[in-house]
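A.B. asks:
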Amino acid sequence: MKSRSLMRLALAALLSFSGVANVFAEDGPAKQLFGAARLPSLGVPQSAGFYAKGCLAGGVALPVDGPTWQVMRLSRNRNWGHPRMIALLERLSRDASAKDGWPGLLVGDISQPRGGPMLTGHASHQVGLDADIWLTPMPKARFNTDQREKVEAKSMLKGDTLYVDPNKWTPAHAALLKRAAGYPEVERIFVHPGIKKKLCETVQGDRSWMAKIRPYWGHFYHFHVRIKCQPGSPNCKPQEPIGTSDGCDKSLAWWFTDEPWRKAPEPTKPVKPRITMLSDLPKACAQILDAPGPQSIDQVTYGLDANGASVSDLPDEPVAIPLPKQRAKAN
Numbered sequence: 001m002k003s004r005s006l007m008r009l010a011l012a013a014l015l016s017f018s019g020v021a022n023v024f025a026e027d028g029p030a031k032q033l034f035g036a037a038r039l040p041s042l043g044v045p046q047s048a049g050f051y052a053k054g055c056l057a058g059g060v061a062l063p064v065d066g067p068t069w070q071v072m073r074l075s076r077n078r079n080w081g082h083p084r085m086i087a088l089l090e091r092l093s094r095d096a097s098a099k100d101g102w103p104g105l106l107v108g109d110i111s112q113p114r115g116g117p118m119l120t121g122h123a124s125h126q127v128g129l130d131a132d133i134w135l136t137p138m139p140k141a142r143f144n145t146d147q148r149e150k151v152e153a154k155s156m157l158k159g160d161t162l163y164v165d166p167n168k169w170t171p172a173h174a175a176l177l178k179r180a181a182g183y184p185e186v187e188r189i190f191v192h193p194g195i196k197k198k199l200c201e202t203v204q205g206d207r208s209w210m211a212k213i214r215p216y217w218g219h220f221y222h223f224h225v226r227i228k229c230q231p232g233s234p235n236c237k238p239q240e241p242i243g244t245s246d247g248c249d250k251s252l253a254w255w256f257t258d259e260p261w262r263k264a265p266e267p268t269k270p271v272k273p274r275i276t277m278l279s280d281l282p283k284a285c286a287q288i289l290d291a292p293g294p295q296s297i298d299q300v301t302y303g304l305d306a307n308g309a310s311v312s313d314l315p316d317e318p319v320a321i322p323l324p325k326q327r328a329k330a331n
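Residue numbers (full-length UniProt numbering): 1 to 331.
This is the structure in structure tokens:
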């Protein structure tokens, strides 16, 4: 009965996205509407729109605890993503632990249950294809809930400079970034310019993976993994290709001039910030907000399929992606 009920809910959600059901959420500030959603929509996983202007259908949760990862800042409820994003994080955590000497991932924000703009923080992370990973390794003594809210990630920089502190940076940090960049679905990894510079100065041998490592403001205590638009998401808008250069050129040197850090001049007249409304997002986002959701988080926590096989290696056709199996509660 339970599986039959889930199938009906998933079918209803799929029909609504295809225009058969004309139910739309009332217009309003998008970040309030999406920030209020506590669970995802059921149905076929789809990313609608751009990384910084869109939403997510059929998202699943990364379990807050795994053998080689922990989710941080649980109160934010941002451990949701496209199933392929969640699969990648689990795989990265296992591979880095087994092959690179990285004891485990501390995972920051991924997306909200139905994606969309967030009440605080990121401009991106809206379509379930972005994830932040701390550059602090998971400790042997796991964090409790209170510690996950209060523990601060460690900056990799030396004081107030733009340069990496050699006493904090280790070969394992570089190996972790190389591992993440090596997955074909990963399109970009954002890091602080100082971290990019450190890689440019130290990486030997094959440097092709460094094309994916992109310098950007912030990102001195975590790195930001972005994967490509996935099959079955025709309304997902990709970025321009990154090219093949390792990025250790004039484009990196620019970050070590005054220009990127110069404060913008104060406007002559007060500028009222424009609020992004639901109607500003792709049309599918209103339907995703109104789509049926699961009865509990257990039904949409990433795990195993009905045959006990891992769903980390997902098929190309999204209709073949099974709903996650309910996990047993941890003691």
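Heads up, the beta-carbon is just placed ideally off N, CA and C, and yes, glycines get one too.
Can you list, in chain order, the stretches of the beta strand (DSSP E) that have 3 or more residues and sit fully within the segment 202-252?
C.D. replies: Listed in chain order, they are 213-215, 222-227.
A.B. asks: I'd like the list of long-range same chain contacts for residue 121, defined as Cβ closer than 8 Å, with 5 residues on each side in sequence excluded.
C.D. replies: Answer for residue 121: 109, listed in chain order.
A.B. asks: From what residue to what residue does the beta strand (DSSP E) around residue 131 run?
C.D. replies: Here the beta strand (DSSP E) through residue 131 covers 130-134.
A.B. asks: Below 8 Å, how does it come out for the segment 241-253 and the segment 136-153: are there three or more Cβ pairs, yes or no?
C.D. replies: Judged by Cβ distances under 8 Å, the segment 241-253 makes no contact with the segment 136-153, as fewer than three pairs qualify.
A.B. asks: With residue 222 and residue 134 assumed to form a contact (beta carbons below 8 Å), what rounded beta-carbon distance in angstroms separates them?
C.D. replies: Sure, about 5 Å apart at Cβ, within 8 Å.
A.B. asks: Can you look up residue 112 in the DSSP assignment and give me helix, strand or coil?
C.D. replies: Coil, per DSSP.
A.B. asks: Does the segment 167-186 come within contact of the segment 194-211, defined as at least 3 CB pairs closer than 8 Å?
C.D. replies: Flag = yes, the segment 167-186 and the segment 194-211 touch.
A.B. asks: Let's test the definition: count the other Cβ atoms within 10 Å of the Cβ of residue 159 and tell me whether it reaches 16, buried, or not, exposed.
C.D. replies: Residue 159 comes out exposed.
A.B. asks: Can you look up residue 93 in the DSSP assignment and give me helix, strand or coil?
C.D. replies: It is helical.
A.B. asks: Tell me the residue span of the alpha helix (DSSP H) that contains residue 50.
C.D. replies: Where residue 50 is concerned, there is no enclosing alpha helix (DSSP H), although the beta strand (DSSP E) it sits in stretches over 46-50.
A.B. asks: Are residue 347 and residue 113 closer than 9 Å when you measure CB to CB?
C.D. replies: Because the chain spans 1 through 331 in this model, residue 347 falls outside it and cannot be assessed.
A.B. asks: Given this structure, state the Cα-to-Cα distance separating residue 201 from residue 248, to the nearest angstrom.
C.D. replies: Taking the straight line joining both Cα atoms gives about 9 Å.
A.B. asks: Which of the three DSSP states, helix, strand or coil, is assigned to residue 255?
C.D. replies: Residue 255: helix per DSSP, three-state reduction.
A.B. asks: In this structure, does DSSP put residue 157 in helix, strand or coil?
C.D. replies: Here residue 157 sits in strand by DSSP.
A.B. asks: Along the beta strand (DSSP E) that carries residue 54, what are the first and last residues, could you check?
C.D. replies: It spans 53-57 - the beta strand (DSSP E) in which residue 54 sits, taken as one unbroken run.
A.B. asks: Which residues in the same chain have their Cβ closer than 8 Å to the Cβ of residue 73, if we skip the five residues on either side of it in sequence?
C.D. replies: Only 108, 109, 148, 149 meet the Cβ criterion.
A.B. asks: I need the DSSP call for residue 195, collapsed to helix, strand or coil.
C.D. replies: Three-state DSSP puts residue 195 in a helix.
A.B. asks: Mind checking whether residue 55 and residue 265 have CB atoms under 9 Å apart?
C.D. replies: No, the pair does not count as a contact, with Cβ atoms beyond the cut-off.
A.B. asks: Just to confirm, is the Cβ distance from residue 396 to residue 130 under 9 Å?
C.D. replies: As displayed, the chain neither begins before 1 nor continues past 331, which places residue 396 out of reach and without an answer.
A.B. asks: Using a Cβ-Cβ cutoff of less than 6 Å, which residues in the same chain neighbour residue 63 once the five nearest sequence positions on both sides are dropped?
C.D. replies: 301, listed in sequence order.
A.B. asks: For residue 70, collect the residues of the same chain with a Cβ closer than 8 Å to its Cβ; drop the 5 residues on either side in sequence, then sort them by chain order.
C.D. replies: Cβ within range, chain order: 64, 104, 105, 106, 107, 138, 142, 143, 148.
A.B. asks: Which of the three DSSP states, helix, strand or coil, is assigned to residue 189?
C.D. replies: Strand, per DSSP.
A.B. asks: Look at residue 88 and residue 183 and say whether their C-beta atoms are less than 9 Å apart.
C.D. replies: Yes, these two residues count as a Cβ contact at 9 Å.
A.B. asks: DSSP has residue 120 in a bridge; who is on the other side?
C.D. replies: Paired residue(s): none; residue 120 is not in a bridge.
A.B. asks: Using the C-alpha atoms, what's the distance from residue 231 back to residue 50?
C.D. replies: If you take the alpha carbons of residue 50 and residue 231, they lie about 15 Å apart.
A.B. asks: Closer than 6 Å by C-beta to residue 219: which residues in its own chain qualify, once you throw out the five before and the five after it? Chain order, please.
C.D. replies: These residues qualify, in order along the chain: 190, 191, 192.
A.B. asks: How close, in whole Å, do the beta carbons of residue 43 and residue 57 come, if the pair is a contact with beta carbons under 8 Å?
C.D. replies: The Cβ separation is near 6 Å, so the contact holds.
A.B. asks: When you compare only the Cα positions, how much space is there between residue 250 and residue 256?
C.D. replies: Roughly 10 Å separates the two Cα atoms.
A.B. asks: Can you check whether the CB of residue 128 is closer than 9 Å to the CB of residue 157?
C.D. replies: No.
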